[in-house]
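In the working numbering, the protein residues as written are -17 to 260.
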């Protein structure tokens, strides 16, 4: 399968030569690093890891943006407590061109999601793959990102259209894999690892989410989903372990109350999530 088969610019591209096909680039901004956050399995916490990574990078003084590429299941507005916000669009220089203005989080993170373009957040997107990939390409290229040190792309699960489009058509610096401590999940996640390796995408490593519960009295880490260590799961995937994240009810409550930025900015337990990035 050639790049043209799944390229987000397939309909408008004048060149069908795979070797000369260029990557999509933001038309309105300068981005130094683009990192995809992906997993083969749904429900492992990709959006949470994307948001935590964005916040930890912001704490270090970097300018950060987040693109919610999970078109049919966008989560980033809720993570940042921005579900009531809507993105605006201004006319571009070209005919029928719209330049999207991303929504800014409390800590200055620029966020773009399809949920910012719908009337209500629970309105479903009932589109086929070609439309989804085309819209994602527009959200990436036609958003006014300004100058960013990092753009994080929160990707949907699996190895389907969106994953293929992002890996082939977006100028990724690297990707971060998210998993949870179950053999079944690791088996499915490994499909994404192999996919990225076949497409020559650099892999930073894996974040194991929901790795353990920490006892409030003795601080013992209790692994409730698997007796295997996070290092063993990473060895199976054949990639470095970036971090193992606990089940954190305080984090969950902070997200539900729209206070996740205040919570993360006042703790240090998630700082190692960016250890392979900076």
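For glycine and all other residues, C-beta sits at the position ideal for the given N, C-alpha and C.
What are the boundary residues of the beta strand (DSSP E) that residue i is part of?
i	result
residue 70	70 to 73
residue 12	11 to 20
residue 228	223 to 228
residue 80	80 to 83
residue 93	92 to 94
With residue i and residue j assumed to form a contact (beta carbons below 8 Å), what rounded beta-carbon distance in angstroms separates them?
i	j	result
residue 242	residue 98	That belief does not hold up - the Cβ atoms of residue 242 and residue 98 are roughly 18 Å apart, past 8 Å.
residue 202	residue 11	The Cβ separation is near 46 Å, so there is no contact.
residue 223	residue 188	6 Å
residue 49	residue 133	6 Å
residue 258	residue 181	Actually they do not touch by this definition, with Cβ atoms about 19 Å apart.
residue 212	residue 163	7 Å
residue 195	residue 229	5 Å
residue 26	residue 151	No, residue 26 and residue 151 are not in contact; Cβ-Cβ is about 24 Å, not under 8 Å.
residue 83	residue 126	6 Å
Give the secondary structure of residue i by DSSP, where H, G and I count as helix, E and B as strand, and everything else as coil.
i	result
residue 262	Absent from the model: residue 262. The displayed extent of the chain is -17 to 260, so no value can be given.
residue 102	coil
residue 256	helix
residue 136	strand
residue 131	strand
residue 37	helix
residue 1	For residue 1, the predicted structure reports a pLDDT of 47, less than 50, and the residue's modelled location is therefore unreliable. A value from the coordinates is still provided. Residue 1 falls in the helix class under three-state DSSP.
residue 181	coil
residue -12	The predicted position of residue -12 is uncertain, since its pLDDT is 48 and thus under 50; no value can be drawn from it.
residue 67	coil
residue 236	helix
residue 193	strand
residue 203	strand
residue 242	helix
residue 188	strand
residue -6	Residue confidence is low: residue -6 scores 48 on pLDDT, short of 50, so the model does not pin down where it sits. Its coordinate-derived value is still stated next. Three-state result, residue -6: coil.
residue 167	helix
residue 174	helix
residue -17	In this prediction, residue -17 has a pLDDT of 39, which is less than 50 and means its spatial position is unreliable; what the coordinates show is noted afterwards. Residue state, collapsed to three classes: coil.
residue 324	Residue numbering for the chain in the displayed model covers -17 to 260; residue 324 lies beyond these limits and cannot be assessed.
Under 8 Å between the Cβ atoms of residue i and residue j?
i	j	result
residue 67	residue 80	no
residue 159	residue 171	yes
residue 155	residue 254	no
residue 113	residue 18	no
residue 8	residue 95	no
residue 36	residue 72	no
residue 6	residue 119	yes
residue 115	residue 147	yes
residue 176	residue 51	no
residue 246	residue 252	yes
residue 102	residue 59	no
residue 197	residue 206	no
residue 240	residue 63	yes
Could you give the first and the last residue of the continuous alpha helix (DSSP H) run that contains residue i?
i	result
residue 146	143 to 151
residue 117	111 to 123
residue 161	It is not in any alpha helix (DSSP H) - residue 161 instead sits in the beta strand (DSSP E) that spans 156 to 161.
residue 262	With the chain covering only -17 through 260, there is no way to say anything about residue 262.
residue 61	58 to 61
If we cut at 8 Å on Cβ distances, does residue i have a partner in chain C?
i	result
residue 49	No chain C appears in this structure, which consists of one protein chain only.
At least three beta-carbon pairs within less than 8 Å, the segment 40 to 58 to the segment 133 to 150: Taking 8 Å as the limit for Cβ pairs, the verdict is that the segment 133 to 150 does touch the segment 40 to 58.
At least 3 beta-carbon pairs within less than 8 Å: the segment 26 to 41 vs the segment 189 to 200: Result yes; three or more Cβ-Cβ pairs closer than 8 Å.
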